[in-house]
Amino acid sequence: MIKLPRLFRPKRRDAATAAPFFDAAFYLSAYPDVAAGSGDPLLHYLDHGWLEGRDPSAVFSTLYYIDRHLADRAPANPLLHYAGLTPAERLRVATQPGADFPALQAEVAAPFFDAPYYARRAGLGSGEDPLAHYLTKGWRRGLDPNDAFAGDTYLQRHAHMRRLGVSPLYHFAATRRLQGAEAATAPARRAKPPVVALPVDPAEATDAQIYEAVAAEFDREHYLETNADIRRSGIDPVRHFLDFGAREDRDPSPAFSVRYYRKQYRREIGAGINPFVHYLAVGRALGFRPTPFGLGTWPAQVAPAPAEWAQARPAADLAAARVVLIMPVYKGYDDTLRAIHSVLSARQATPFALLVIDDRSPDPRLSAALADLAAQGLFAHAVNDENLGFVRTCNRGLEAAAGKDVVLLNADIVVYGDWLDRLLWHADHDARVATVTPFSNNATICSYPRPNVDNQARLEVTPGEIDAYTRLCNARGSSPVPTGVGFCMYMRRAVIDAAGPLDAETFGRGYGEENDFCMRALKAGFTNLLAHDVFVFHSGSVSFGTLLATKGADIFRTILTKHPDYQRRVHTHIEVDPARFARRRLDLYRFAKRAQAAGRGIALIVTHDFGGGVETHIETLSARLAEAGLVAVYLRTEEPGGVRFGLPGSTGIDFPVSILDPLSLDRDAALLAELIGWLDPTLVHVHSLAGLDAASTRIAMRLIGSLKAGYDVTLHDYAPVCHRNNLVRPEGVYCGLAEPSVCRDCIRLDRDAEGIALPDPEERRRLWAEFLGQARAVFAPSADLADRIGPVLRFDRIVLRPHEETLPAVALAPHRRREGPLRVAVIGSIGAHKGFDIVHNLALDAGLRQLPIEFTIVGHSAEPRAMEAAGVRETGLYTSDAVALAEIARLEPDLALLPSIWPETYCYTLSLALAAGIPPVVFDLGAQAERLRATGEGSRLDPALAEDPQRLNAALLALPLDDLWAARTPFRPAAYPNILANYYGLPGSVPGEARRETAPA
C-alpha cells in the first residue's frame, strides 16, 4: 500500500485572529468526534466546524450569529467577523440566541417546510402555527417537516448538531446556504406502505380493517426470522400474529414491543385489545412509545459524500502495523463505504493496517469505489479470483497478516473514537485472552441494550454517543463469553497459530466459524472476552441476507457436532449474563446524561411510591422547579430495601425510565452513589423514606448525607416517630403520638409489619433527629405538625412551608338548599386513617334510624361493597382536581365531611372543599383544624364524636348551614413567586429565620 507523505502547513493568520475567542476545551468536550481525532480543534472549526454549524465556545452561537448579523452577505466565518470588530462594537453585538432566534429560524426554514402536511401529522388545531410548533417542540417528538425530509436520519448523520438545540430542518437549511446545496442534501425518506385508517375505538374495527391496517405496518421477514416455528409452518404471519402472536408477546416488527406497550399503557388499552392495533388506531397519534428503547428503527447507512473522505487518514502498511483489520466485502455499497470511512476517520494511537478483500462483489459500482479508494493509498486492497465466501476470504486475510494480531470486521459496521485502542487494551492486559468482542446493537450475547436481540429500535442517543458513554462508565471493564461474535472480533496471533485458522471446510459461506474458533481457543486454555467499554454499530446481514434464518438450524447442528458442550456453555452464559451489570451501568449513564441535558440543573426528589398527598405535592413542586430551570428526577423507595428512578408526569427528560431496574440499597449502594454523582444534582429534596426497612433506611440516610449538594427535608407525615407514618394503631385508633414503650406494643400487633426489620422506636427517633439535624432546611406544611413532632425529636429548626396548589378558580355560588336529606360529600380515598369506619357507621346509623342525611364519597373507599351495603355511594377514583371539582359541583352537597382520625399534616381534600365553596367539617385536630381555624371557615368537631356515630350524625344535622355558607371566603392557597428564593431560601433570597415563617398568600 502506498503511504501518503505528511503535509506541512504554514502558520495560519486566521487562527491567530480567532484564538482569543475560541474555547478549545469546550469544543473538544462538545464534539467527541473532534476529540477522537488528533487535529487542532481551532483549525477544525476554521476549516470545517463553522460550515457545519458548530459553536466555538459556550457563549458564541455560530448559526445565530450568521443569521442575525451576516444573512445579507456572502457566507463568512462568524468568529473571524466578530474578531474583526472593535472592542466597542463587540459589546453591542449579540453572540448568543435571544428572543429573536425563533423568528430567524422560521425565516430560514420556511422555504423547506410543508405546513399542511405537518399540521396533519401533528394533529394541530386551526389556531396553532405549524412552523413554530415544529421548531420549538415538534422535531423533538420525532415529527418531520415534510414528506421528503427524515429528521431522524439527519440527526444520525449530523450527530454534532444535537447539542445545538435546534431542529434538523433549520440546521439543514442554515448550513445548506453556507456549504452550497450539494453539500447538505436532505436525506430521503424510505418508502412506507400507505397507512390504513382504523376507528378511534379499536373495539369497533372489523376484522378486515384490522388485518389491512396491521399488514401495512407488519414486518413479515422480521416475524419469520424471529419465529422459526412460523416460518416452518407456512402460516400467514399476519394472521398468526393477530390470532396468537400478540398474546404470546411476539413482536410484529423491530420497532414495536408488544410486552412493553401492554405493560406501559395497560389502562389505556383495555381488555381484549391487541396492543399493536391500539397503537395504530390511537397510541401513535397520542405520542405513545412503541418500544422502551426509542421511536422507529436505526436509519440505514449512507455512503460518505466526496467531501467527507477528507476526514479519512491512510492506514499503516502491513509491515508497520501492530494489528491488521480484515474486512471481507461482497455487497452493500452504502454500508461498506460507511464502514471503511469510520475506520479511517477514527483516530487511534495503535498503528493498524486495513485489508479490504473484494470477494468478487456482484456490484460493479462497489468494486470500482474500493479500487479507487485503495489507489489513493487509504488501505490495502485485494480481489479474489472467484467468490470464496466469508470464511475463506477471512483466512486469506489471516494468511496475509502473518505474524500479526488481527481484527475481523464485517462490512456493515461503524466504529467510533479510539475503539481499537480500547479493544486492544483488554488483549494486552492478559496474555490468555484469545478474542475480544465489543458491545453492539446486533451481536447476540454481546448486544446492547438487550442481549440476544437484534436491537434495531433507535435510542434517544446516537451509536457514537453510546460508544462515548460506555467508554466512560465502563472503562476497562470486561466479562468472559463462551464465544466472540465475528462482526468485530480481535484474534490473538498466538492462538491462531496454536488452534489454526477458521474452519472453512465446515462453515463454508459463514456463520458459526467464530464460534468454532472460540471453542477451540477455550479448550487450548485461552479465554474470550466481551469489552464493556467499546460499542460498534452493526447493521447486520448485509452480505449474507437471510442465510441465518434459513440455515440456522443446520449451522447450529454443525457446531454441536464439533463441540457437544457448546449449547450448555451458551445456555449457562445467557442465564448468568455476566455483562448485565455493564449494560445496567450504561443504561443508568444514558439516563444521567439525558437528564443533565434537559435543564440547567437537576433536582433529586427522594420519595415513596404510595401516591396520595406526597405525590400531588412533588408533581406540583417539580413543575415549579422546571420553570426555574431545574428538571426533577425521582428516587423512589421500593419495599423493603430498594430504590428505583422515576420522572414527573410532565417532564422534559426524554428517556424511558421504566427500563431501569430497581437498585438494592444493600448490594448496589456504590453504584447508586456513582449514578447520583453522574446526575450531579443541584438540589436534593427528601420527602419520604417510607417502605424501607431499618438497615436500608440507615444506608439511604448515609448516602443522602454524603452528597455535596446537601439536602432539604419536607415532613409529610409522622415517619420519624411512627412506623405506620400516621399515628393510627392497627386497630384503627389514633395513638396521640405515644411513648416508645407503647410503640413497641403497636409493632407487635401490626400484621403489616411482620417480616420487616424495623428499628426500635427510640432508635427511629434518634436516627431521624440526626438526619434532620444535618439537613440544610427542614420544612413542614403545617404548624401543627411542627408542634407535635419537633419536641419529641428535640428539633426546633422546622420552617413552615404550606403546599403550593394550582386548583382551578371556582366562583362562590350561593347555597341552594334542596328539599330532602342533608347531602354530605366525603372527598378522597377513604381508608382506615381517613375515617372509613366513621363514614360506614354514620351511613348505617342513618339508614337504620331513617335520618334525613345521605353520604356520597367523591372518590373511592377501601371496601366499596361494604360502603354500598351501608348506603354510601361512590363516584370512583378521580383523575384530576378538575374532575373532582366538577363532581362536587354536580352533587351540590350541603357539607363536605373530612373524617380523618389522625392529625393531617396538610390535607389536599380540604383544599378541594374550600376551592369548591362547600363548607368543610373536620375533627378538631391536625392541619385540617389549623387551616379552618386560620380562615374562620367550616366547622371543627370534638374528636370524641368519632367513637359515637349517633352523636356525630346529630351534630351534623344540627350544624347552622346558613352561617357556614356565609362564612366562606375565596380559596387562596400558598404561592411562591420565585420557588428557589421564596420556598427554598437559596442564595440570593432571604431564607426562613423562624419556625413560624409562613408562605406569602
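Using this note's numbering, the letters of the sequence shown correspond one by one to residues 96 to 1096. C-beta: ideal position from N, C-alpha, C; glycine also. All values reported here derive from a predicted model rather than from experimental measurement.
**Report entry** 6 Å Cβ shell around Asp158 - same chain, five flanking residues per side excluded
**Finding:** According to the sequence shown, residue 158 is Leu rather than Asp. The residues are Gly148 and Ala269.
Report task. Would you grab the beta carbon distance between Leu1027 and Arg1035 for me? Rounded to a whole angstrom, and I think it's under 8 Å. Result -> Confirmed, Cβ separation roughly 6 Å.
Query raised in the report: Roughly how many angstroms lie between the CA atoms of Arg257 and Tyr1079, to the nearest whole one?
Result: Just so you know, the alpha carbons of Arg257 and Tyr1079 end up roughly 33 Å apart.
Requested in this report: Just grab the DSSP bridge partners of Met584 for me.
Outcome: Secondary-structure assignment with DSSP links Met584 through a beta bridge to Leu503.
Report task. Go through the stretch 194–260 residue by residue and report every complete run of the beta strand (DSSP E) that reaches 3 residues or more, in order. Result -> Those beta strand (DSSP E) runs which fall completely within the stretch 194–260 and span 3+ residues do not exist here.
**Report entry** N- and C-terminal bounds of the beta strand (DSSP E) containing Tyr729
**Finding:** Start and end: Leu725 to Glu733.
Report task. Kindly indicate the opening and closing residues of the alpha helix (DSSP H) around Ala1050. Result -> From DSSP, the alpha helix (DSSP H) with Ala1050 extends over Pro1044 to Leu1052.
Query raised in the report: Excluding sequence positions up to five away, which residues of its chain have a Cβ less than 7 Å from the Cβ of His521?
Result: If the five residues before and after His521 are omitted, its C-beta is found closer than 7 Å to the C-beta atoms of Val528, Val531, Ser573, Leu624 and Ala626, all from its own chain and listed in chain order.
Query raised in the report: Whose CA, out of Asp150, Glu343, Gly340 and Ala407, lies closest to the CA of Gly134?
Result: Of the candidates Asp150, Glu343, Gly340 and Ala407, Ala407 places its Cα closest to the Cα of Gly134.
Query - Ordered list of beta strand (DSSP E) runs contained in the stretch 734–780, each at least 3 residues - result: You should have 737–741.
Query raised in the report: When we look at the beta-carbon of Arg553 and count the other beta-carbons within 10 Å, is it buried (16 or more) or exposed?
Result: So Arg553 counts as buried.
Report task. Please name the residue or residues paired with Pro533 in a DSSP beta bridge. Result -> According to DSSP, which records beta bridges pairwise, Pro533 is partnered with Ala626.
Query raised in the report: Per the contact definition of three or more C-beta pairs closer than 8 Å, is the stretch 158–171 in contact with the stretch 196–215?
Result: Two segments are said to touch when three or more pairs of C-beta atoms, one from each, lie closer than 8 Å; by this definition the stretch 196–215 touches the stretch 158–171.
Query - Cβ-based neighbour list, Pro575, same chain, cut-off 7 Å, excluding 5 preceding and 5 following - result: So the list reads Thr622, Asn623, Leu624 and Pro673, once near-sequence residues are dropped.
Query raised in the report: For Val701 versus His782, is the C-beta distance shorter than 8 Å?
Result: Closer than 8 Å, so yes.
Report task. Report yes if the CB atom of Leu597 is closer than 8 Å to the CB atom of Asn482, and no otherwise. Result -> Cβ distance not < 8 Å, so Leu597 and Asn482 don't count as in contact.
Query - Residue span of the alpha helix (DSSP H) that contains Phe121, given as start and end - result: Start and end: Ala119 to Ala125.
Requested in this report: Have a look at Ala416 and Phe447 and give me their C-alpha separation to the nearest angstrom.
Outcome: For the pair Ala416 and Phe447, the Cα-to-Cα distance works out to about 5 Å.
Query raised in the report: When the distance is taken between beta carbons, is Arg859 closer than 8 Å to Val816?
Result: With respect to Arg859, Val816 sits close: the two C-beta atoms are nearer than 8 Å.
Query raised in the report: Closest to Leu503 by CA distance: which of Asp513, Gly559, Arg587 and Arg442 is it?
Result: Closest by alpha carbon: Arg587.
**Report entry** Leu1052 versus Leu1040: straight-line alpha-carbon distance, rounded
**Finding:** Cα to Cα, Leu1052 sits roughly 14 Å from Leu1040.
Requested in this report: Decide yes or no for the touch test of the stretch 411–425 against the stretch 376–392: beta carbon pairs closer than 8 Å, at least 3 of them.
Outcome: In short, these stretches do not touch, since the Cβ pair count stays below three.
**Report entry** DSSP three-state assignment for Asp109, whether helix, strand or coil
**Finding:** Note: Asp109 maps to helix in three-state DSSP.
Query - Gly923 in three-state terms, based on DSSP - result: Note: Gly923 maps to strand in three-state DSSP.
Query raised in the report: In three-state DSSP terms, what is Ser1006?
Result: The answer is helix: DSSP assigns Ser1006 an H, G or I state.
Query - Simplified DSSP state of Tyr829, which is helix, strand or coil - result: In the structure shown, Tyr829 falls within a strand segment according to DSSP collapsed to helix, strand and coil.
**Report entry** Which residues DSSP lists as bridging Thr951, in chain order
**Finding:** Beta-bridge partners of Thr951 (DSSP): Ala920 and Arg968.
Query raised in the report: Touch check for the stretch 165–178 and the stretch 217–231: three-plus C-beta pairs under 8 Å?
Result: Not touching, per the Cβ criterion.
Query raised in the report: Closest to Pro757 by CA distance: which of Ile748, Leu683, Asp775 and Ala804 is it?
Result: Selected option, being the one with the closest Cα: Leu683.
Query raised in the report: Three or more C-beta pairs closer than 8 Å, one from the stretch 887–899 and one from the stretch 964–980: is that the case here?
Result: Output reads no: the stretch 964–980 does not touch the stretch 887–899.
Report task. Using a threshold of 8 Å, state whether the C-beta atoms of Gly800 and His703 are closer than that. Result -> Going by C-beta atoms, Gly800 is not nearer than 8 Å to His703.
Query raised in the report: Does the distance from the CB of Asp314 to the CB of Ser352 come in under 8 Å?
Result: Taking 8 Å as the Cβ cut-off, Asp314 and Ser352 do not qualify as a contacting pair.
Query raised in the report: Near Ala619, which residues of its chain fall below 6 Å by C-beta distance, leaving aside the five closest residues on each side in sequence?
Result: Answer for Ala619: Ala593 and Ala594, listed in chain order.
**Report entry** Secondary structure, beta strand (DSSP E): runs of 3+ residues fully inside the stretch 1049–1081
**Finding:** Entirely contained in the stretch 1049–1081, not one beta strand (DSSP E) run reaches 3 residues.
Query raised in the report: Which stretch, first to last residue, makes up the alpha helix (DSSP H) that contains Thr321?
Result: Per DSSP, Thr321 is one residue of the alpha helix (DSSP H) stretching across Arg315 to Thr321.
Requested in this report: For Pro544, count neighbouring C-beta atoms within 10 Å of its own C-beta (all shown protein chains included) and say buried if the count is 16 or more, exposed if not.
Outcome: For Pro544, the number of other beta carbons within 10 angstroms of its own is at least 16, and it is reported as buried.
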